[in-house]
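Q: Below: one structure in structure tokens.
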Amino acid sequence: MTSTPQGPALADSGRNELLLSFRQSGMAIVIDGVGESFRADLVAPAETVDGRQVAKMIEYSSGLVCAAVTDSHAARLELPDIPTASNKGDANRRFSVAVDAADGVTTGISARDRALTLGVLASTDSRPADLTRPGHVMVLRADPAGRGQAAAALRLCHLASLPRVAAIAPLMFDENDQIANREHTQMLAAILEVPVIDSAHTRWNATAHGTQGEWKLSVFDADCDVVCVRAFGRLDGDAVPLIGIRGRCLDSEVGGSAACRCGLEAAAWTRTVEQHGAGAILVYRDRYQRCVDRPAAELARMRFEQTKVLARMLGIYRYRILGPLVGGGTQPAAYRGPRSANSTVMSDLMDFTDGSDPYIQRAV
């Protein structure tokens with residue numbers, strides 16, 4: 002199986018130049034969408050941002066500077082979710098409580114104080130007691146499926162080899178607080194001397210050819226996994242797609258290597274999906290050792306829930322699970338299918354077209 006890069010993703014050399022510019026300037030403008038859905042955000046690594054940069058973010062935004070974090074980071078610092086009806090379905094509005102640094106700040110609202118708070122949020126040594134609540138830096142939890150500007154900001158920090166906590170502020174233009182369009186964004190980027198990075202450039206996409214057609218490949222940086230998604234056929238067609246959840250070696254799953262048993266299993270799953278006509282295979286990899294402390298049962302359950310979100314992103318509301326869950330852990334209660342490793346065995350139909358699943362309602 003061969004793959005070729007396509008779509009909006011940059012070549013490695015172009016992306017590396019943008020990342021180098023981001024590291025050197027300490028800030029970037031991340032853009033996404035077109036027309037009325039266009040959005041531009043000033044982004045800075047929370048670990049390195051200083052008072053001068055925060056002051057610039059305040060000046061060129063509405064004044065609200067948020068800290069984008071992962072769900073697991075928010076949980077470690079005991080930053081509770083703020084549930085509101087308006088948050089539902091918006092990947093850019095998953096807020097947690099606002100905070101200030103417990104030590105070293107005055108009122109908490111100055112650019113210097115907010116920069117200090119952002120640094121505390123980014124530190125791996127920080128504890129819940131190092132932050133006071135409420136404060137002046139709003140915590141924005143990135144969508145676990147990788148959608149939205151907060152998730153793009155964290156991917157950008159990660160690609161630049163920086164901790165995945167980012168300062169982020171929506172870019173505004175003129176004294177009327179008009180949301181910046183593409184033209185405004187380019188003007189402000191020149192003024193600030195920062196790069197403009199499309200959120201699509203923080204992803205990797207490709208196509209691959211199987212024995213019976215083309216597979217589309219995407220990579221997502223989830224809460225504690227890197228997830229490679231291989232999709233085949235028309236996922237929104239009449240046929241109920243199959244979804245396989247795996248966690249084996251990536252060379253076998255994506256590259257088609259037959260050097261180990263994983264490759265034979267991956268090939269069998271691939272044939273089953275191709276013969277069925279539509280489906281996706283999700284490969285979960287804890288590449289950066291972020292899941293090492295999770296019990297096997299919890300990890301399997303977390304990946305199962307993550308699969309629901311990724312399926313929704315692919316436009317899949319009805320599907321059958323193919324084979325066992327990854328990780329060798331206990332099957333979640335929601336999974337009622339067989340435990341056999343036989344790739345031709347499928348679970349009962351899982352149907353969320355009416356939005357009945359509570360996780361789908363909360364995360365999508």
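Sequential numbering of the sequence shown, starting at 2, is according to the working numbering.
Positions of the beta carbon are idealized from the N, C-alpha and C atoms, including for glycine.
None of the values given here were measured: they were computed from a predicted structure.
#1: Between the Cα of residue 95 and those of 103, 68, 121, 114, spot the shortest distance and give me the residue it belongs to.
#2: Answer with buried or exposed for residue 286, where buried requires no fewer than 16 other C-beta atoms within 10 angstroms of its C-beta.
#3: Do residue 132 and residue 100 come within 8 Å of each other at the CB atom, strictly closer than that value?
#4: Give the secondary structure of residue 173 by DSSP, where H, G and I count as helix, E and B as strand, and everything else as coil.
#5: The beta strand (DSSP E) that contains residue 139, what's its start and end?
#6: On the CB-based measure, 16 or more other CB atoms within 10 Å of its CB, does residue 234 come out buried or exposed?
#7: So the candidates are 140, 111, 200, 110; which of them puts its Cα closest to the Cα of residue 123?
#8: Using a Cβ distance threshold of 8 Å, determine whether the stretch 53 to 60 contacts the stretch 166 to 174, with at least three qualifying pairs required.
#9: Starting from the Cα of residue 148, find the closest Cα among 34, 24, 323, 305 and give me that residue.
#10: May I ask which residues mark the beginning and end of the beta strand (DSSP E) holding residue 197?
#11: Which one or two residues does DSSP pair with residue 40 in a beta bridge?
#12: For residue 62, does the three-state DSSP call read helix, strand or coil?
#13: Answer yes or no: do residue 244 and residue 281 have a C-beta to C-beta separation smaller than 8 Å?
#14: Can you check whether the CB of residue 41 is closer than 8 Å to the CB of residue 273?
#15: Three-state secondary structure (DSSP) at residue 323?
#16: List the residues that DSSP assigns as beta-bridge partners of residue 247.
#17: Just reading off the alpha helix (DSSP H) that residue 51 is part of, what are its end residues?
#18: To the nearest angstrom, how far is it from the Cα of residue 253 to the Cα of residue 267?
#19: Would you tell me roughly how many angstroms separate the C-alpha atoms of residue 195 and residue 46, rounded to the nearest one?
#20: Using the Cα positions of residue 182 and residue 65, report the straight-line distance between them to the nearest angstrom.
#21: Please list, in chain order, all residues of the same chain as residue 127 whose beta carbon is under 6 Å from its beta carbon, the five residues on each side excluded.
#22: Looking at the unbroken alpha helix (DSSP H) that takes in residue 191, where does it start and where does it end?
#23: For residue 240 and residue 315, which I take to be in contact (beta-carbon distance under 8 Å), what is that distance rounded to the nearest angstrom?
#24: Quick one: is residue 114 buried, meaning 16 or more other Cβ sit within 10 Å of its Cβ, or exposed?
#25: In this structure, does DSSP put residue 227 in helix, strand or coil?
#26: Quick one: is residue 269 near chain D, going by C-beta distance under 8 Å?
#27: Quick one: using the 10 Å Cβ neighbour count with 16 as the cut-off for buried, is residue 192 buried or exposed?
#28: For the putative contact between residue 32 and residue 199, defined by C-beta atoms under 8 Å, what is the C-beta separation to the nearest angstrom?
#29: Could you spell out where the beta strand (DSSP E) holding residue 279 opens and where it closes?
#30: According to DSSP, simplified to helix, strand and coil, what is residue 344?
#31: The ligand PLP and residue 49: does the residue's C-beta get closer than 7 Å to at least one heavy atom of that ligand?
A: Looking at the coordinates:
#1: 68
#2: buried
#3: yes
#4: strand
#5: 132 to 142
#6: buried
#7: 140
#8: yes
#9: 34
#10: 197 to 199
#11: 33
#12: strand
#13: yes
#14: no
#15: strand
#16: 284
#17: Residue 51 -> no alpha helix (DSSP H), and no H or E assigned at all.
#18: Here residue 253 scores only 49 on pLDDT, less than 50, and its place in the model is too uncertain to base an answer on.
#19: 13 Å
#20: 19 Å
#21: 121
#22: 183 to 193
#23: Between residue 315 and residue 240 the Cβ distance is about 14 Å, and since that is not below 8 Å, they are no contact.
#24: buried
#25: strand
#26: No chain D appears in the structure shown, which is made up of a single protein chain.
#27: exposed
#28: 6 Å
#29: Per DSSP, residue 279 belongs to no beta strand (DSSP E) and is neither H nor E.
#30: Here residue 344 scores only 36 on pLDDT, less than 50, and its place in the model is too uncertain to base an answer on.
#31: As presented, the structure is devoid of all ligands, the ligand PLP included, so that no description of it is given.
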